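In case it helps, my numbering puts the sequence shown at residues 454 to 1406.
Glycine included, C-beta positions come from ideal geometry on N, C-alpha and C.
Computed from a predicted model, the values in this text were never measured in an experiment.
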Amino acid sequence: MSANSLPEGAAVWHSLEVDKALDLLDSNADSGLTPQEIQQRLQKYGPNELEETAGRSTWEILLDQFKNIMLLMLIGVALISGLIDLWSWRTGTLKSGEVPFKDTIAILAIVILNGILGYVQESRAEKALAALKKMTSPLVRVIRDTKLVEIAAKELVPGDVMLLEAGMQIAADGRLIEQSNLQVRESALTGEAEAVNKQASLKLPEETSLGDRLNVVFQGTEVVQGRGKVLVTNTGMTTELGKIAAMLQAVESEPTPLQQRMTQLGNVLVTGSLILVAIVVIGGVIKDGGFKNIQELLEVSLSMAVAVVPEGLPAVITVTLALGTQRMVRQNALIRKLPAVETLGSVTTICSDKTGTLTQNKMVVQSVSTNNKTFRVFGEGYAPTGDFQLDSQKISLEEAPEISALSVACAVCNDSVLQKEQGEWAILGDPTEGALLTLAGKAGIEKDQWNSKLPRVAEFPFSSERKRMSVITQVEGVATGEASSRGIDPAIAGFLQSEPYLMFTKGSPELTLARSTQIHLGNYTGPLTEAQRQQILAENDKMASKGLRVLGFAYKPLMEIPPSGSDETSEQDLVWLGLVGMLDAPRPEVRASVKECRDAGIRPIMITGDHQLTARAIATDLGIAQEGDRLLTGQELQRMTDQELEQNVDLVSIYARVSPEHKLRIVQALQRRGRFVAMTGDGVNDAPALKQADIGIAMGITGTDVSKEASDMVLLDDNFATIVTATKEGRVVYTNIRRFIKYILGSNIGEVLTIAAAPLIGLGGVPLTPLQILWMNLVTDGLPALALAVEPPEPDVMQRPPFSPRESIFARGLGSYMIRIGIIFAIITITLMWWAFKHSNAVYDDEFSKERWKTMVFTTLCIAQMGHAIAIRSNNRLTIEMNPFSNIFVLAAVVVTTILQLMLVYVEPLRNFFGTHKLTLEELAICIGFSALMFVWIELEKIFLRIMGKRAV
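Right, dumping it as structure tokens:
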């Protein structure tokens, strides 16, 4: 068969017999491929590598920053200002002492600074694909042309026969040909923590989910134990890992709500500014009857354009978000992408993985069934302390000796170690066996002590075919000749008569029970009746229906050590001990966090690769879902169209047995329904959905590098409760951003109207130069705005639904506030400007001093903003009702900014550079008096709204 006639990867390999798979790929399990076949297939399929599509280059990212409409307008202003200065310089009409091009240089400096700030935020390269590539093995052992050879993984082709052994990272997807006790850890790909026991002989249905395909292996997963021979079926981008890489690269980053709102803000401000400029220029030309004062009109227009752009806003937002990230890190949430801080506040849906996020990632025994009694077990994590309850009543171990007997089996038939590290109990070994050691500890059975009482002398190890393990121990009291039962611990006194050995067996409840003929009844044994057998099976089903992982335990007294390999005959006629049901227990703090989510209008959803019964049990326990709520499995989801999924996505809170593409489809369906989605994940399989989600949240402890690189935020403690805390911080940040936007833009509108009014009311000249406007926008607006960014949260921040992520920046009264305050600003300042102009012309004779009115306008606008900053701290409470030291930064910013403003008026070098005049104390007092009117107006507004029974937003 030629390479051209080979299947194109559409074959469902897990549904094929081994021989059929070998025939399809024209390969041989013993001899592999010939050199000629390898060369043909390498040409057809290409190297076994993940391909990367080209992204934006560094220069493209940098140039994109200067496509912002506000920066483009500032660039235009800088160029026109430079041309006017050049004309004045050439014609000799520059004013005495005036520095040419200073406005142009200052404006371009601001443009460049804002561009750099934007570039720094966006330039973090996506490294998710690079992290994926690290998961591929560099070398692999294969059979080629009947010889065993070691080759580079990228040289693998479909049809190769690959050999696996413990510790290897699997280099391609493949169908198992044969295996011996092969266990593969697939958690990075499927999300399931436990290693999977592989079986080559199986033939599975086509719709079998990824986590249940026991006869195939996947690239990027790890062999835990055993060995295997694999027929390579998929390489490169056709592997499951390659599909994830393709999905990652197909996901396009959408602008965050804040970025969308800033774009909208820029469009509105620039459009409004250009309309005002047109009105002023046309009005001036009509008023003058020609273009004789066109230079003056252009200078007015330039000043208006600079005034309308909040040059300090990008820097203030960046610093605010950075401060938010620092607060979040202290709460164990690491923000990787700065805009994500504010975006968190808009989240309406949190899609969470189960293992380790909603749960402790620690198996904990919940229930024990012995001698027709079912006991509930209480305790936290791996700590060997807790209680046993029967019918909701606490019982002592003396009342239930069968618990001690079962606990001995849990401790002795166990290869793990329970130890205390830095004050925390931890497991060295398998988590399931760790849960059994914890159970034994709660019953007062310590493994170390029982290892000396019952030293292990032989064992029948666990295998996926037998689904059980047995250990043979020597009974010390009997072995040393102490015939009296006094030499044997009371916990096992009823186990034996004079036998020197005990065999303990654990494993599948059904299979272990089938090999049992007797039952342990406290201190003695009796025959296992059919009725008891059915009752045990019913209890096993009941535990399993609650999502518990159930193990069965039995023992058998022996006169001699059974020979190796005799497990089939030795593991017969067992004495049944009981059932143990365990669960990866929910984190205790998550229930409260789920409730807080619901109170805040946020819907939690569980999406897991785990079994549906386990998923339902955890989700119901935590309050994510109610009894009887609908659950969707990966198989059901696979059969749904995108439209059907979109119709059902608001009705389902639990998804189980899902694969990578399912997670991505769920997120996309929620987004099409208008939901704003946060998605948590730790595995490679989660990376596409993390990137697609509005907020991708990776796990810091258990997360793979791939998931972290695809995420916006990393949970340092892998805890769902941390997401809720971070969401609260996001809401606080957005509230504060709205607060300082109101503050900054209210004054900007006042500046624009004041500048526009000057020529229209016949004052002549521009009241504010571009440099002075930049000073106001960067310093007198910027410093108090930064202080407002750290206002503490309001008490009800998590008691309301999230604001729509698609709401306008001007929504909920912000736009009307800005216009209203801007007009009041303008009325106050224009009134002052009219008086100051008359005053300067009446008092002073020289032309230079007559310009003093402009400094009074400049000073009034700046100091009025200080009153605005103090008043705007609260929308509803009067300033005298607030603790002035609850945000000490606002007071500090007001004092520092006022001092700096006075330095521009009274320090000569600064006065010369900024083109201001030295004011008399009387003139300064008048400026301060007019400025105070701004503060008084805002406080009166609050009183008016309070009287009217309205609440400002």
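Option in Ala-1151, Ile-1154, Pro-1246 with minimal Cα separation from Gly-1183: Of the listed residues, the one whose Cα sits closest to Gly-1183 is Pro-1246.
Where Val-683 and Gln-672 are concerned, what is the direct C-alpha to C-alpha distance, given to the nearest angstrom? Rounded to the nearest whole angstrom, the CA to CA distance from Val-683 to Gln-672 is 12 Å.
Buried/exposed call for Ile-1391, threshold 16 Cβ in 10 Å: The residue is buried, with at least 16 neighbouring Cβ atoms inside 10 Å.
According to DSSP, what are the bridge partners of Met-1059? Checking the DSSP bridge columns, you'll see Met-1059 partnered with Ser-805, Ile-1107.
Please tell me whether Tyr-835 and Leu-892 are closer than 8 Å, where the distance is taken between their beta carbons. The Cβ-Cβ distance between Tyr-835 and Leu-892 does not fall below 8 Å.
For Arg-1002, is the classification buried or exposed, using 16 other Cβ atoms within 10 angstroms of its Cβ as the cut-off for buried? The residue is buried, with at least 16 neighbouring Cβ atoms inside 10 Å.
Where Leu-486 falls: helix, strand or coil (DSSP): It is a strand residue.
Leaving out the 5 sequence neighbours to the left and right, which residues in its chain are closer than 6 Å to Val-1120 when beta-carbon positions are compared? Excluding its 5 nearest sequence neighbours in each direction, Val-1120 has C-beta neighbours in its own chain below 6 Å: Val-1130, Met-1132, Ala-1142, Gln-1145, Ala-1146, listed in chain order.
Within its chain, find whatever has a CB closer than 7 Å to the CB of Leu-964; leave out the 5 residues flanking it on each side and keep chain order. Cβ neighbours of Leu-964 beyond the five flanking positions: Lys-920, Arg-921.
When you compare only the Cα positions, how much space is there between Lys-600 and Thr-487? Taking the straight line from one Cα to the other gives about 10 Å.
Span of the alpha helix (DSSP H) holding Met-715? It spans 710-741 - the alpha helix (DSSP H) in which Met-715 sits, taken as one unbroken run.
Do you know how far the Cα of Thr-1178 is from the Cα of Asp-1052? Their backbone Cα atoms lie some 13 Å apart in a straight line.
Among the residues of its own chain, which have a CB less than 8 Å from the CB of Val-772, if the five just before and after it don't count? Sequence-distant Cβ neighbours of Val-772 in its own chain, meaning closer than 8 Å and more than five residues away, are Leu-1239, Ala-1242.
Where Thr-544 falls: helix, strand or coil (DSSP): In the structure shown, Thr-544 sits in a helix (DSSP, three-state: H, G or I).
Within a Cβ cutoff of 7 Å, which residues of the same chain sit near Thr-1308, ignoring the five residues on either side of it in sequence? Only residues of its own chain outside the window of five on either side were considered, and among them Val-1358, Thr-1369, His-1370, Leu-1372 have a CB closer than 7 Å to the CB of Thr-1308, listed in chain order.
Can you give me the start and stop residues for the beta strand (DSSP E) that Phe-915 sits inside? 909-916 is the span of the beta strand (DSSP E), which, as asked, contains Phe-915.
Hey, would you say Ser-1112 sits closer than 8 Å to Gly-1136, going by beta carbons? No. Outside cutoff.
In terms of residues, what are the limits of the beta strand (DSSP E) holding Trp-1029? Going by DSSP, Trp-1029 is part of the beta strand (DSSP E) stretching over 1027-1039.
At least three beta-carbon pairs within less than 8 Å, the segment 660-669 to the segment 597-616: Too few Cβ pairs lie closer than 8 Å, so no.
Inside the segment 1260-1310 only - alpha helix (DSSP H) runs reaching at least 4 residues: DSSP runs (the alpha helix (DSSP H)) wholly in the segment 1260-1310: 1267-1296.
May I have the straight-line CA-CA distance separating Gly-1076 from Leu-1098, to the nearest angstrom? Near 23 Å, if we compare the C-alpha coordinates of Leu-1098 and Gly-1076.
Going by the beta-carbon positions, is the gap between Leu-859 and Leu-1030 smaller than 8 Å? Contact flag set, yes.
Where does Asn-501 land, buried or exposed, given buried means 16+ other C-beta within 10 angstroms? By the neighbour-count rule (16 or more Cβ atoms within 10 Å), Asn-501 is buried.
If you draw a straight line from the C-alpha of Ala-936 to the C-alpha of Gln-985, how long is it? Here the model assigns Ala-936 a pLDDT of 39, short of 50, so the residue's position is not dependable, and the following value carries that caveat. Across the structure, Ala-936 and Gln-985 are spaced so that their CA atoms are roughly 33 Å apart.
Taking 8 Å as the cut-off, decide whether the C-beta atoms of Ala-1109 and Thr-1086 are in contact. The Cβ atoms of Ala-1109 and Thr-1086 lie closer than 8 Å to each other.
In terms of residue numbering, what span does the beta strand (DSSP E) encompassing Ala-1163 cover? Segment 1158-1163 is the alpha helix (DSSP H) holding Ala-1163; no beta strand (DSSP E) there.
Output yes or no for whether 8 Å exceeds the beta carbon distance between Arg-1191 and Leu-1267. Yes, the pair counts as a contact, with Cβ atoms nearer than the cut-off.
Can you tell me whether Leu-1393 is buried or exposed? The criterion is at least 16 other CB atoms within 10 Å of its CB, across all chains shown. Leu-1393 should be labelled exposed.
Give a yes or no on whether the C-beta atoms belonging to Ile-805 and Pro-1041 are separated by under 8 Å. Correcting the residue identity first, residue 805 is Ser in this sequence and not Ile. Taking 8 Å as the Cβ cut-off, Ser-805 and Pro-1041 do not qualify as a contacting pair.
Expected contact under 8 Å - CB spacing of Glu-470 and Lys-656 to nearest Å: Between Lys-656 and Glu-470 the Cβ distance is about 6 Å, and since that is below 8 Å, they are a contact.
Going by other Cβ atoms of all chains shown within 10 Å of its Cβ, with 16 needed for buried, is Val-465 buried or exposed? Looking at its Cβ environment, which holds fewer than 16 other Cβ atoms inside 10 Å, Val-465 is exposed.
Do Glu-1080 and Leu-1011 have their C-beta atoms closer together than 8 Å? Result no, Cβ atoms of Glu-1080 and Leu-1011 do not sit closer than 8 Å.
Could you tell me the distance, in whole angstroms, from the CA atom of Thr-827 to the CA atom of Gln-1065? A straight-line Cα-Cα distance of about 24 Å links Thr-827 and Gln-1065.
Can you tell me where the alpha helix (DSSP H) with Glu-1097 in it begins and where it stops? Its alpha helix (DSSP H) spans residues 1095-1101.
In this structure, does DSSP put Ile-1352 in helix, strand or coil? Three-state DSSP puts Ile-1352 in a helix.
Considering only residues of the same chain and omitting the five flanking positions on each side of Ala-932, which have a CB-CB separation below 8 Å? In this prediction, Ala-932 has a pLDDT of 49, which is less than 50 and means its spatial position is unreliable; nothing more can be read from the coordinates.
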